[in-house]
Every structure is written in C-alpha cells, then in structure tokens.
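Heads up: the sequence shown is residues 1 to 112, going by full-length UniProt numbering.
As structure tokens, the structure follows; a few thoughts come after it.
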Amino acid sequence: KHQPEIRQALYGLEGPARARKLVEGLEHEDRVRKSPDLRAARFVKTWDGLSREQQGVALKELKRDAQLESILREKGRELGIRKGSTLDHGLHPHQRKQALSRSRSRGMDMGM
Numbered sequence: 001k002h003q004p005e006i007r008q009a010l011y012g013l014e015g016p017a018r019a020r021k022l023v024e025g026l027e028h029e030d031r032v033r034k035s036p037d038l039r040a041a042r043f044v045k046t047w048d049g050l051s052r053e054q055q056g057v058a059l060k061e062l063k064r065d066a067q068l069e070s071i072l073r074e075k076g077r078e079l080g081i082r083k084g085s086t087l088d089h090g091l092h093p094h095q096r097k098q099a100l101s102r103s104r105s106r107g108m109d110m111g112m
C-alpha cells in the first residue's frame, strides 16, 4: 500500500531478487512502526487521499497515539500540513473554537 515498488517486486521479480526486495520492504515497515517521525510523515502523506469519513476515523485514531499527535503538532509545517487545512484544524481544535468565540464576541460588540 505504501510502497508500490514492493508490489512490483512481488509480481515482477523471481527468486533471490524477489526475496531480497520483500525483506527490504518488511524492514522498512518495521522502521516506520518504530519511528514516530516516519509514522508522522506517512500520516501526512496519506491524509489528502482520505475521504472525509476516513479522515474522521484517522483523527480519532490519532487521539489515541499521543506521541504521533505531538510530533504532528510540533513539526506540522515541516511535514507539509497547511495552516487552516482540515488536518491542521483536527490537530488544533481548541484554536478553532477560540477563533469562533472571538468572532462571535466581536459580532455582539458590534450589536449583531
């Protein structure tokens, strides 16, 4: 899913070359599982390809992984999370609520 070249090796290579490529893929997946930074980069990379419903599920899962969530907040811009994007809002829901609250109070101050 994350490494198309592994799929190609599975169907396009034979013998030792195939085995070597598949082992490399397994080792890479192990590194991703163990590295919060690699997991964060993968999360951002796959985010845009998700439907709204899938994004909601991903955000719920993210809330259960404090380490990954923390890295995404700290390194979001570096990882390619655009300010104001749905992922940005999902990572900073309190800022969105504060902005809405300020907007409403300004409206009331203006007699709206």
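All C-beta atoms, glycine included, are put in the ideal place defined by N, C-alpha and C.
Residue i: which of the options sits nearest, CA to CA?
i: G56; options: D37, A40, T86, E78; result: T86
i: P36; options: R77, L10, S70, K60; result: S70
i: E74; options: A40, K45, L13, L22; result: A40
i: L62; options: E78, D88, G80; result: D88
i: D48; options: L79, L10, Q3; result: L79
i: Q72; options: A19, H92, Q3; result: A quick correction: the sequence has Leu, not Gln, at residue 72. The candidate whose alpha carbon is nearest that of L72 is H92.
Using a Cβ-Cβ cutoff of less than 7 Å, which residues in the same chain neighbour residue i once the five nearest sequence positions on both sides are dropped?
i: I6; result: K21, L22, G25
i: V32; result: L38, R39, R42
Alpha carbon to alpha carbon, what distance is there between residue j and residue i?
i: L68; j: K45; result: 14 Å
i: P16; j: R77; result: 41 Å
i: K34; j: A66; result: 14 Å
i: Q8; j: E29; result: 16 Å
i: A99; j: P4; result: With a pLDDT of 43 at A99, under the threshold of 50, the modelled position of that residue is not reliable, and no figure is offered here.
i: E14; j: H2; result: 21 Å
For residue i, which residues of its own chain have a beta-carbon under 8 Å away from its beta-carbon, when the five flanking residues on both sides are left out?
i: R82; result: D88
i: L50; result: A58
Contact defined as beta carbons within less than 8 Å: I believe residue i pairs with residue j. What is the distance between those atoms, to the nearest angstrom?
i: L59; j: G90; result: 5 Å
May I ask which residues mark the beginning and end of the alpha helix (DSSP H) holding residue i?
i: G12; result: 4-12
i: H28; result: 15-34
Go through its chain and collect everything with a Cβ distance to residue i's Cβ below 6 Å, but skip five positions before and after it.
i: R96; result: Caution is warranted here: a pLDDT of 47 is assigned to R96, below 50, making its placement in the model unreliable, and no coordinate value can be reported.
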